[in-house]
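Heads up, the thing below is written out as C-alpha cells.
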Amino acid sequence: MRFDALPSPADRLAIAAVTEPERAPDAFMTAPVGAREDAMRHLLQTAADAGVGVVATRPEGDVERLLGQAWPFPSPFRVTVRTVALADGLDRIEARARRSLERMGLPRGEALLVSNAADLAGAEGRALWDRLKSLKDRGLFRKIGFCATLDDGPALLARRLEPDLVQIPCNLLDQRAATEGVLAELKAAGAEIHIAHVFAQGVLFAAGESLPPELAGHALALSRVRRRLAESRLDPMQAALAFALNLPEASAVVASVASAAELRAVLAAAHAPAPAIDWSALALETPAARSLGQAADIRYRINSAA
-17 MRFDALPSPA
-7 DRLAIAAVTE
3 PERAPDAFMT
13 APVGAREDAM
23 RHLLQTAADA
33 GVGVVATRPE
43 GDVERLLGQA
53 WPFPSPFRVT
63 VRTVALADGL
73 DRIEARARRS
83 LERMGLPRGE
93 ALLVSNAADL
103 AGAEGRALWD
113 RLKSLKDRGL
123 FRKIGFCATL
133 DDGPALLARR
143 LEPDLVQIPC
153 NLLDQRAATE
163 GVLAELKAAG
173 AEIHIAHVFA
183 QGVLFAAGES
193 LPPELAGHAL
203 ALSRVRRRLA
213 ESRLDPMQAA
223 LAFALNLPEA
233 SAVVASVASA
243 AELRAVLAAA
253 HAPAPAIDWS
263 ALALETPAAR
273 SLGQAADIRY
283 RINSAA
C-alpha cells in the first residue's frame, strides 16, 4: 500500500530576505562583504533544506545582488519580483524588472508584481499592465500580478485585469481580507494569493512603548490579544503563522526573515500543532485594523520575539 507524504507547512511558506540595519545588524549590515554573502547563502540553504519554494524580492537595497551571489545549486526557488513606482515611467519599470533578473542571475522569474496596485487604477494603469503582459509573453516572467491593500479594491482589479497572482496583507490582528470575503473573491477570479504582513509589521511582537503613534491608542487592545495568546499557551509567532497557513485561499504565506536563525524560528513555529482557538476573537476592531494597515513597519526583530 502506498501512502502520499503529508504536505509540510514549509510548502506554503515564502521568504523575503531583509537587510535593513534595524532587522539584520549582525547578519548583513555590519559584516564585511564576503560575510554578508555567506549569511545570505546560509539563509537560502536553510530554506532549501526545509522545502521553502518561493523567495519574494523588491528592487530596493542590496538584496537582489546578495541573492544572486548566494543561490544554492541547483536552486529550488521560484522568485517573485516587484516593480519600481509608476512615477519612474514605463520604460524604467521594464528596464528595472529586467535588471532585477540580471542582478539575481536568473533567466526568468516566477512573477512580476506591480508594487502599488493604485498605479493600475490611474490613467496609465492599462499601459502599465500591458507592459507587464509583454514581459510575460516574452518569457521573462511566468506570472504577473500586483500587491494590494483592501483600500485598493483588489477584487475589482482582479476581475478587470485577470492577474495570475495577488499579494495582499492578512494577519491575526487585521483579518478583514478573509472575513470580508476578499480572499474568496480573488480566488474566484483565478488569482493565486500570497499573504503578506503575516506578523502585522512587527506589531504582534512590540511592547506598548514601541508602537508607532498611529497605534498608540490601541495598546490596550493589543495587550489583550497577547494575554489571550498566553492563556492559550501560544507565542505570537506561532499564532500568526497558524492563522495565515490555515487560510484556505492562500497559496503562499510571505515571512520576512533577516537570518538563518530567524528562519529556523519561523519554521519551528509553522510546524507546531495547529491550536484550537477562536481566531475572530483576536482580531482588532476595524478602526484599529485600518490603523495597522497604515502603520510604518516597526521592524521588530523576530528572533527577539520568538
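Oh and the sequence shown: position 87 is 69 in this note's numbering, straight run, nothing missing.
Glycine residues also receive a C-beta, built at the ideal position from the N, C-alpha and C atoms.
Review point. Opposite I175 in the DSSP bridges: which residues?
Key: V148
Review point. Nearest-angstrom Cα distance between V0 and Q27?
Key: 16 Å
Check your understanding: From G121 to W261, what does the alpha carbon distance come to, in whole angstroms?
Key -> 41 Å
Exercise for review: Check V37 in the structure and name its three-state DSSP category.
Suggested key: strand
Review point. With 16 as the cutoff for other CB atoms within 10 Å, does D101 come out buried or exposed?
Key: buried
Point to revise | Residue interval of the beta strand (DSSP E) (run including A(-1)) | key: -5 to -1
**Study point:** P255 versus E267, E231, F225, residue with shortest Cα-Cα distance
**Key:** F225
**Study point:** Strand pairing of V61, partner residues [DSSP]
**Key:** V37
Exercise for review: Counting only runs of 4+ residues fully inside the segment 219 to 267, write out the alpha helix (DSSP H) ranges in chain order.
Suggested key: 242 to 252
Check your understanding: Looking only at its own chain, which residues have a Cβ that is under 6 Å from the Cβ of A178, when we skip the five neighbours before and after it?
Key -> Q149, P151, V236
Exercise for review: State buried or exposed for T268, treating a residue as buried only when at least 16 other CB atoms are found within 10 Å of its CB.
Suggested key: exposed
Review point. Per DSSP, what kind of secondary structure is R124 in: helix, strand or coil?
Key: strand
**Study point:** Helix, strand or coil at A93 [DSSP, three-state]
**Key:** strand
Check your understanding: Which residue from Q157, H200, D217 puts its Cα closest to that of L264?
Key -> Q157
Check your understanding: For the alpha helix (DSSP H) that contains W111, what are its first and last residues?
Key -> 107 to 119
Review point. Since A52 is in the alpha helix (DSSP H), which residue starts that stretch and which ends it?
Key: 45 to 52
Review point. Are the segment 96 to 113 and the segment 130 to 144 touching by the rule of at least three beta carbon pairs closer than 8 Å?
Key: yes
Review point. Where A(-2) and A160 are concerned, what is the direct C-alpha to C-alpha distance, given to the nearest angstrom?
Key: 22 Å
Check your understanding: Would you call the CB atoms of A170 and K125 closer than 8 Å?
Key -> no
Practice item. Return yes when the C-beta of D146 is under 7 Å from any heavy atom of the ligand SAH, and no when it is not. Key: In the structure on display, the ligand SAH does not appear, and there are no ligands present to speak of.
Practice item. Taking only the alpha-carbon atoms, compute the straight-line gap between A234 and D73 and give it to the nearest angstrom. Key: 30 Å
Point to revise | Rounded straight-line distance, which links the Cα of G16 to that of A38 | key: 23 Å
Point to revise | Buried versus exposed call for L202 [16 or more other C-beta atoms within 10 Å across all chains shown] | key: exposed
Exercise for review: Please list, in chain order, all residues of the same chain as P7 whose beta carbon is under 7 Å from its beta carbon, the five residues on each side excluded.
Suggested key: Because P7 carries a pLDDT of 49, less than 50, the predicted location of this residue cannot be relied on, and no value is offered for it.
Exercise for review: State the CB to CB distance for the pair V180 and A222, rounded to an integer number of angstroms; the pair is presumed to be in contact (CB under 8 Å).
Suggested key: 6 Å
Practice item. Starting from A140, follow the alpha helix (DSSP H) in both directions and report where the run begins and ends. Key: 136 to 143
Review point. How should S241 be labelled, buried or exposed, when 16 other C-beta atoms within 10 angstroms of its C-beta is the threshold for buried?
Key: buried
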